[in-house]
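Asker: Questions regarding the structure given below will be posed in turn.
Chains as they are written, first to last, in the working numbering: chain L, 96 to 458; chain H, 96 to 458.
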């Protein structure tokens, strides 16, 4: 499995690259590609490297502390116990003909300089685009993990709504969501959970605070589970008590737009076309200027992974990509509605990974 | 407050630096220094910059989505709505005499290249050491936040032990810890919670899994709260049921070592001396080769922040530094004990920020 991932990375690159050096630095500078090529689902692996080759093989260079976890990868293993040994392992692994591929996007500049000095004279080239492009098409193992991450988030949301009640603070609902996800096997939340009530739901980047749920509030939850390092990302918006006419109207438009977006997805379609399918519905309803972000983004080992659905992003959807579809309408001072699912692109349709009812739920 | 932080950063640098550019990139490439100088406790601020000057002033360059959150900072604000505007704002902010300071440690290489091209001809110098050194000495606001983060973790641990029982899985205990921290105001866990039972407690880097608590197990919890972006980090080890002689012996040694480490802390003491105070006790008891890591690390906006307590790290402790003190004994296949507190360095002593009993607790 890691062999075919590695071969696909090199397949997206010119053939004068002899090896790619991936470096997983200190917190917070993780390189998800290190985990993509090693398929290591457990462990921190700070300051560890992986060197991969066009034939699909590779070597993990890590410290004694990670030796046991590292053994679970099919790649070769070199254990270092000092900085000097680390440098020697890296030099040895990079002692092949050709240029050296580096992930310019994720490697900190200081690490870049250190590696440059370690193998001075060698040519470094940026392979970040190839890495991102390769990771956009998920293999079977990745799809299984993403399905599980989606299922965990949807189930946790259901469990949380059962204890959600008037007077509960946003952070408390967020805490319950995380608890329910971890109880179902998530290693943690995929990102900082958004739990926003009433007028706070109008701010797409709000996380959670002290605001307590009141009758008549929108209650918006945008969160996800991390499972074996893969992320899910789901949003649902509820109404506390009986929804009024305006709430029903806005909710209905967003729901229709979201379903139209999902319906437009299939292998070969252009991203802007999917965005437009959803955006037109919101525009026609007169809320075009209240849908202030793109329709969706790629999802995988990162929460905002390669690609996306927006008027400007000229990408073609391909089978086995995973994307979010998340239109919203935001009215400052009043509130907002967003509905988001993760979908797997199939030949002729989209498969939803975050199964949860879409009718307006009045709590 | 941010003014004095900024002046202290420049005070640790040669005076030919006219401005420092801090860039908070896309997930996961946050630069905590962006938050340090802006004092922004809420918001994501992906792809935002802060430019700071020797006189203690600075400018935040961020997008419309973050405008409201950004307004809470005392720094100036420039809002961009396109990449072109972002570049213009950066160029304008950097249009001062002198070299430009860059955080080589946290800036991704690709961003470095983009900025280099944006202001071509200007000299970039690495200021990462000065940033780290400045952040090591906490000011009053930071200390208040760290005290709160410590208190939240200690209280959550107490609450969790009340529901911990035989048959509970590691991940379930971890989920409860996070829930209890968030209920008390944490924005989330400081890092992936370690909840390890029985033989798993012998692996310092284990996180949590399916293992269920059995009578006679060690139950080790290493976790922390994030509060207003500041972290706490606490470890306690319990015994499920009655501890046997060997468990009591190991626990007693670790506890004695941890207390000796804390006792050795004061303004002016050398880090290796503090490490030795704890390490000697474990060595004399015959477990020297089972204490396989340093005694502690700096703590703040990062979990492993600048400095630490180890035989090799030649640092001098100074008033208002915050460090962890966390000796451990690990016996593969059997189990391990670690006890960890966060301490604030005072003139003549250490103040513990994570108040929780240290006697062996039998659950």
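C-beta atoms are modelled at their ideal positions from N, C-alpha and C, and glycine is treated no differently.
So, helix, strand or coil for residue 229(L), using DSSP?
Answerer: In this structure, residue 229(L) counts as helix in the three-state DSSP scheme.
Asker: So if DSSP puts residue 318(H) in a beta bridge, which residue, or which two residues, is it bridged to?
Answerer: Residue 318(H) is bridged to 329(H).
Asker: State the start and end residues of the unbroken beta strand (DSSP E) segment that holds residue 425(H).
Answerer: Its beta strand (DSSP E) spans residues 423-426.
Asker: For the segment 294-305 of chain H, list every residue whose C-beta sits within 9 Å of some C-beta in chain L, in sequence order.
Answerer: Per Cβ criterion, the list reads 298, 299, 300, 301, 302, 303, 304 and 305.
Asker: In or out: residue 284(L) buried (at least 16 other Cβ within 10 Å) or exposed?
Answerer: Residue 284(L) should be labelled buried.
Asker: For residue 215(L), does the count of other Cβ atoms within 10 angstroms reach 16, so buried, or fall short, so exposed?
Answerer: By the neighbour-count rule (16 or more Cβ atoms within 10 Å), residue 215(L) is not buried but exposed.
Asker: Check whether the Cβ atoms of residue 356(L) and residue 372(L) lie closer than 7 Å to each other.
Answerer: Yes, they are a contact pair.
Asker: In terms of residues, what are the limits of the beta strand (DSSP E) holding residue 146(H)?
Answerer: Residues 143-147.
Asker: Suppose you measure from the CA of residue 278(H) to the CA of residue 420(H); what does that come to, to the nearest Å?
Answerer: Approximately 26 Å between the Cα atoms of the pair.
Asker: Does DSSP put residue 171(H) in a helix, in a strand, or in coil?
Answerer: Residue state, collapsed to three classes: strand.
Asker: Would you give the residue range spanned by the alpha helix (DSSP H) that residue 133(H) belongs to?
Answerer: Element bounds for residue 133(H): 127-133.
Asker: Would you mind sorting residue 231(H) into buried or exposed? The rule is 16 or more other CB atoms within 10 Å of its CB.
Answerer: Its Cβ being crowded by 16 or more others within 10 Å, residue 231(H) is buried.
Asker: For residue 278(L), would you say it is in contact with chain C, using Cβ-to-Cβ distances shorter than 7 Å as the test?
Answerer: Reference to chain C is not applicable here, since the protein chains of this structure are L and H.
Asker: When you compare the CB of residue 270(H) with every CB in chain L, is at least one pair closer than 7 Å?
Answerer: It does: the Cβ of residue 270(H) has a partner Cβ on chain L nearer than 7 Å.
Asker: Compare the C-beta of residue 273(H) against all C-beta atoms of chain L and say whether one is closer than 7 Å.
Answerer: Yes, residue 273(H) lies at the interface with chain L (some Cβ there is under 7 Å from its Cβ).
Asker: Please identify, using Cβ separations under 7 Å, the residues of the segment 358-374 of chain L that lie next to chain H, in order along the chain.
Answerer: Hits within the stretch: zero.
Asker: Determine the burial state of residue 382(L): buried for a count of at least 16 other Cβ atoms within 10 Å of its Cβ, exposed for fewer.
Answerer: Classification of residue 382(L): buried, given that the 10 Å Cβ count is 16 or more.
Asker: At what residues does the alpha helix (DSSP H) containing residue 139(L) begin and finish?
Answerer: Taken as a continuous stretch (DSSP letters only), residue 139(L) belongs to no alpha helix (DSSP H), as it is neither H nor E.
Asker: Tell me the DSSP secondary structure of residue 351(H) in three-state form.
Answerer: Correct three-state label for residue 351(H): helix.
Asker: Mark residue 233(L) as exposed unless 16 or more other C-beta atoms lie within 10 angstroms of its C-beta, in which case mark it buried.
Answerer: Buried.
Asker: Quick check: residue 327(H) and residue 268(H), are their CB atoms within less than 7 Å of each other?
Answerer: Cβ atoms of residue 327(H) and residue 268(H): not closer than 7 Å.
Asker: Is the Cβ-Cβ distance between residue 401(L) and residue 393(L) less than 7 Å?
Answerer: In contact: residue 401(L) and residue 393(L) (Cβ atoms closer than 7 Å).
Asker: Closest by CA to residue 276(H), which one among 293(H), 296(H) and 255(H)?
Answerer: Nearest option by C-alpha distance: 255(H).
Asker: Just to confirm before moving on: does the CB-CB distance between residue 188(L) and residue 132(L) stay below 7 Å?
Answerer: No, these two residues do not count as a Cβ contact at 7 Å.
Asker: Buried or exposed, going by whether 16 or more other CB atoms sit within 10 Å of the CB of residue 212(L)?
Answerer: It counts as exposed.
Asker: Between the segment 186-203 of chain H and chain L, which residues of the former have a C-beta closer than 8 Å to a C-beta of the latter?
Answerer: If the cut-off is 8 Å between Cβ atoms, the segment 186-203 of chain H has 197, 199, 200, 201, 202 and 203 near chain L.
Asker: Could you tell me whether the segment 406-418 of chain L touches the segment 361-380 of chain L, using the rule of 3 or more Cβ pairs below 8 Å?
Answerer: Because the criterion of three Cβ pairs below 8 Å is met, the segment 406-418 of chain L and the segment 361-380 of chain L touch.
Asker: Once you ignore the five residues that flank residue 251(H) on each side, which residues in its own chain have a CB closer than 6 Å to its CB?
Answerer: 272, 275 and 276.
Asker: Could you tell me how far apart the beta carbons of residue 158(H) and residue 135(H) are, in whole angstroms, since I believe they sit closer than 8 Å?
Answerer: The Cβ separation is near 14 Å, so there is no contact.
Asker: Could you tell me the alpha carbon to alpha carbon distance between residue 316(H) and residue 265(H), rounded to whole angstroms?
Answerer: Taking the straight line joining both Cα atoms gives about 9 Å.
Asker: What's the gap between the Cα of residue 428(H) and the Cα of residue 202(L)?
Answerer: Whole-angstrom Cα-Cα distance: 36 Å.
Asker: Is residue 171(L) near residue 128(L), with beta carbons less than 7 Å apart?
Answerer: No, Cβ-Cβ distance for residue 171(L) and residue 128(L) is not below 7 Å.
Asker: Does the segment 286-304 of chain H come close enough to the segment 99-115 of chain H that 3 or more CB-CB pairs lie under 8 Å?
Answerer: No, because fewer than three Cβ pairs between the segment 99-115 of chain H and the segment 286-304 of chain H fall closer than 8 Å, the two stretches do not touch.
Asker: Looking at the secondary structure, which residues open and close the beta strand (DSSP E) in which residue 437(L) lies?
Answerer: Counting along the chain, the beta strand (DSSP E) containing residue 437(L) begins and ends at 436-440.
Asker: Opposite residue 445(L) in the DSSP bridges: which residues?
Answerer: Note: residue 445(L) sits in a beta bridge opposite 440(L).
Asker: Tell me where the beta strand (DSSP E) around residue 304(H) begins and ends.
Answerer: Residue 304(H) -> no beta strand (DSSP E), and no H or E assigned at all.
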